[in-house]
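Trainee: One structure, as structure tokens, below. Some questions next.
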Amino acid sequence: MNKLKEIASKVMDKDDFLLVGHKAPDGDCIGSMLGLYLGLKAMGKRVGMLLSEPVPPVYHYLSAAEQVKLPGEIQFIPKNLIFLDCSDEQRVGQEVFSLIQERNCSFNIDHHQSNGLFADFNYIDTSAAATAEIISELLLLMPINISAAMADALLAGIIMDTGCFLNANTTAKTLRIAAELLNFGASVNLARISLFESKSRKEVLILQHALQHLDFSSDGKIAWMSLPYHELVAIEAEDLYPEGLINHTRMIEGVEVGILFREMPAGKVKVGFRSRGQVDVAALAAQFGGGGHRQASGAQCEGKLEEVKSIIIQAVEDVI
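Counting in the UniProt record's numbering, the sequence shown runs from 1 upward without gaps.
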């Protein structure tokens with residue numbers, strides 16, 4: 001582990017960077033990437049951004065979102081890499097991972113408790129509510145003026161990873177950093193409208209299908225929703241991953257653990273876990289090769305949807 005000041009110093013010493021984030025990028029991944037990208041560009045650095053999947057449309061309102069490249073689009077790959085919000089380097093996805101094998105120097109900035117400290121320079125703060133919170137602190141250590149565009153990106157990351165500051169990972173420090181971002185020009189109104197009041201019809205249809213497959217354990221402590229792949233294809237939403245979808249399971253009275261099963265092609269199922277706090281779902285996800293946080297985690301399992309559901313639900317019941 002390095003100190004954040006060390007990370008800042010090493011970054012300032014170098015001139016070209018590639019920022020990479022995890023597959024199925026969420027708000028924290030996108031916000032952290034765009035905030036740091038804009039900050040490094042303001043310092044005159046040469047910077048690129050690479051993701052295995054497109055930036056979700058909900059984040060297109062953020063400055064420089066259109067600059068994020070996919071593996072088939074990137075032409076120049078800098079040898080100084082910054083991994084953002086990745087608990088391990090293969091979280092970037094196989095296509096991206098294969099492109100970044102030759103590297104001069106790598107940085108790993110994250111807040112996941114399962115992070116393996118895989119880079120040359122690592123800064124992992126598990127007390128941070130979001131990686132965007134860490135990037136906000138990092139930019140304050142650099143000789144730049146944080147712009148409204150940077151602040152909007154970082155605020156989006158914090159909002160999404162804290163569930164609008166309502167999740168247990170929200171700390172007094174999180175709120176102070178959010179307040180600083182507002183002072184730098186971030187717009188709460190823009191975030192609210194863009195993140196929560198501009199959902200596409202397909203996103204709402206995904207929710208409709210998920211709720212049609214809502215079920216509960218006999219004691220009511222576990223709730224789960226399922227998304228069969230053929231239903232996603234039918235509404236042309238197989239590539240959409242609405243972040244707040246799983247929260248509809250946890251908001252039900254009496255539920256301790258909420259689960260979302262999303263069937264993928266090639267016999268795979270993505271599993272998301274949410275906990276009210278008593279159950280450590282990061283430990284549950286780890287049983288199936290996944291990880292995350294105590295109250296929010298995920299894994300990917302091999303097998304048919306119904307088989308995976310049966311195994312996962314039994315594992316959760318055993319813990320409860």
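We put the CB at the ideal spot given by N, CA and C, even for glycine.
The structure displayed is predicted, hence computed values, not measured ones.
Please identify the residue among Glu238, Phe107 and Val257 whose C-alpha is closest to the C-alpha of Gly272.
Mentor: Out of Glu238, Phe107 and Val257, Val257 has the C-alpha closest to the C-alpha of Gly272.
Trainee: At what residues does the alpha helix (DSSP H) containing Tyr229 begin and finish?
Mentor: Segment Tyr229 to Ala234, the alpha helix (DSSP H) holding Tyr229.
Trainee: Would you please state the rounded distance, in angstroms, between the beta carbons of Asp161 and Gly27? I believe it to be under 8 Å.
Mentor: Right, the Cβ-Cβ distance comes to about 7 Å (below 8 Å), so this counts as a contact.
Trainee: Quick test of the definition: if touching needs 3 or more C-beta pairs under 8 Å, does the region 234-248 touch the region 194-207?
Mentor: Contact between the region 234-248 and the region 194-207 is present, because at least three Cβ pairs lie under 8 Å.
Trainee: Which residue from Ile74, Ser114, Ile177 and Pro265 puts its Cα closest to that of Arg91?
Mentor: That would be Ser114, whose Cα lies nearest to the Cα of Arg91.
Trainee: Helix, strand or coil, according to DSSP, for Gly291 in the structure here?
Mentor: Strand.
Trainee: Do the region 184-196 and the region 223-237 make contact, defined as three or more Cβ pairs closer than 8 Å?
Mentor: The region 184-196 vs the region 223-237: no contact.
Trainee: Within 10 Å of its beta-carbon, does Ile134 have 16 or more other beta-carbons around it, so buried, or fewer, so exposed?
Mentor: Counting Cβ neighbours within 10 Å, Ile134 comes out buried, since at least 16 surround it.
Trainee: To the nearest angstrom, how far is the alpha carbon of Met33 from that of Lys45?
Mentor: For Met33 and Lys45, the distance between alpha carbons rounds to 15 Å.
Trainee: Between the Cα of Asp280 and the Cα atoms of Ile109, Leu166, Leu141 and Ala315, which residue gives the shortest distance?
Mentor: The shortest Cα separation from Asp280 among Ile109, Leu166, Leu141 and Ala315 belongs to Ala315.
Trainee: Say whether the region 168-183 touches the region 123-143, bearing in mind that this needs 3 or more beta-carbon pairs closer than 8 Å, one atom from each stretch.
Mentor: The region 168-183 is in contact with the region 123-143.
Trainee: If you draw a straight line from the alpha carbon of Ser63 to that of Leu36, how long is it in whole angstroms?
Mentor: Computed Cα separation, rounded: 12 Å.
Trainee: Along the chain, where does the beta strand (DSSP E) containing Asn298 start, and where does it finish?
Mentor: Rather than Asn, the amino acid found at residue 298 in this sequence is Gly. First-last of the beta strand (DSSP E) with Gly298: Ala296 to Glu302.
Trainee: Going by CA-CA distance only, name the one from Leu260, Ala149 and Ser200 that's closest to Gly39.
Mentor: The shortest Cα separation from Gly39 among Leu260, Ala149 and Ser200 belongs to Ala149.
Trainee: Quick check: the Cα distance between Asp15 and Cys86, rounded to an integer number of angstroms?
Mentor: So the two alpha carbons sit approximately 23 Å from each other.
Trainee: Along the chain, where does the beta strand (DSSP E) that runs through Ser106 open and close?
Mentor: Counting along the chain, the beta strand (DSSP E) containing Ser106 begins and ends at Cys105 to Asp110.
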